[in-house]
Amino acid sequence: MKVLLVNGSPHENGTTWAGLDEIARTLEAEDIKAEIFWIGTDPVGGCIGCGACEGTGRCAFGGIVNEFLDKAEKADGFVFGAPVHYAGPAGNMKAFMDRVFYAGGHCFRLKPGACIAAARRAGVVTTVDDLNKYLTISEMPVVSSTYWNMVFGFDAKQARQDAEGMLTMRNIGRNMAYLLKCMEAAKAAGIEKPGEEPRVWTHFIR
Ligand SMILES: Cc1cc2nc3c(=O)[nH]c(=O)nc-3n(C[C@H](O)[C@H](O)[C@H](O)COP(=O)(O)O)c2cc1C
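Under this note's numbering, the first residue of the sequence shown is numbered 1456, with each subsequent residue one higher.
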């Protein structure tokens, strides 16, 4: 089993990465493969709602979004991490999440996920709340921890000194591993994922 951990920071090895790395190490100690996927520093660009993804399951703009979706299709669980920029997820990460979930929602259904935020001082709770919305609209079981999923610091070195933040990260990793193992055991026992009813879209007008 494999978990993909998205680093939505412009810093490849910054504060967000330190939190994700702690989760990844914990997952690997629990015999779950872990890969950190960095969205990079190139502008991602937001979703234009063109609908081209409807038949393909991939974004018409391609790039980092489709690169991730190719991996997401095969992954069993996810962690999405963002640095706090102005009390919300960093803009590039927000654009990435919009396009990933709009084009590739099918990659996430009933796969466990968690979201984390990194900040120097404040805005983490709103950031995690924002990111969690992508999971809960995609039928993903949300993995929780022993505190809000945050690490504090200006860089990775400071984040590692956030003892409670690091413990929170390890508990996400352990709980994610446990849930994945439970789901595997359920499958082996013949418990299948529930089917889907045809979607209904009502746009508030009828
Ligand atoms: C544009 C911008 C806005 C920021 N806004 C906030 C903020 O609202 N609250 C906060 O605590 N830190 C804020 N920061 C600081 C970062 O969240 C902090 O340095 C964090 O550790 C960066 O994580 P990273 O190394 O993973 O990018 C901001 C940084 C930038 C570049």
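Note that beta-carbon positions come from the ideal geometry of N, C-alpha and C, so glycine has one too.
Chain-order list of residues whose beta-carbon lies under 8 Å from that of residue i (same chain, five-residue window excluded)
i	result
F1492	L1459, L1460, V1461, N1462, F1523, K1526
M1631	V1458, I1478, L1482, I1487, G1532, V1534, P1567, A1569, V1598
Boundaries of the beta strand (DSSP E) in which residue i is found, first to last residue
i	result
V1606	1605-1607
Bounding residues of the alpha helix (DSSP H) (the contiguous stretch that carries residue i)
i	result
G1620	1618-1643
C1508	1508-1511
W1656	Element bounds for W1656: n/a, residue is neither H nor E.
N1468	Looking at the DSSP string, N1468 is not in any alpha helix (DSSP H), and its letter there is neither H nor E.
I1519	1519-1527
8 Å contact criterion, which residue i and residue j should meet: CB distance rounded
i	j	result
V1662	F1551	The shown model of the chain, from 1456 to 1661, leaves out residue 1662, and the question about it has no answer.
G1568	F1533	4 Å
E1509	C1562	Actually they do not touch by this definition, with Cβ atoms about 15 Å apart.
A1545	G1578	So it is not a contact: roughly 11 Å between Cβ atoms.
V1620	G1474	Val is not the amino acid found at residue 1620; the sequence shown has Gly there. Going by Cβ atoms, the distance from G1620 to G1474 rounds to 7 Å, so yes, they are a contact pair.
P1465	T1496	5 Å
Residue(s) in a DSSP beta bridge with residue i
i	result
I1592	Beta-bridge pairing links I1592 to no other residue.
L1570	The question names Leu, but residue 1570 is Cys in the sequence shown. Answer by DSSP bridge pairing, in chain order: F1535.
A1489	V1458
P1544	V1539
V1597	G1568
Cβ shell of residue i (< 7 Å), same chain only, five flanking positions each side left out
i	result
A1641	none
C1514	C1508, V1520, N1521, R1554, A1558
Own chain partners of residue i with C-beta closer than 6 Å, once the 5 adjacent residues on each side are dropped
i	result
Y1589	M1552, F1556
F1609	R1575
S1593	G1560, F1563
Segment contact, 8 Å Cβ cut-off, at least three pairs: the segment 1567-1575 with the segment 1460-1471: The segment 1567-1575 is in contact with the segment 1460-1471.
Is the segment 1596-1604 touching the segment 1553-1570 in the sense that three or more CB pairs, one from each, lie closer than 8 Å? Contact between the segment 1553-1570 and the segment 1596-1604 is present, because at least three Cβ pairs lie under 8 Å.
At least 3 beta-carbon pairs within less than 8 Å: the segment 1641-1658 vs the segment 1613-1627: As far as the Cβ criterion goes, the segment 1641-1658 does not touch the segment 1613-1627, which means the pair count is below three.
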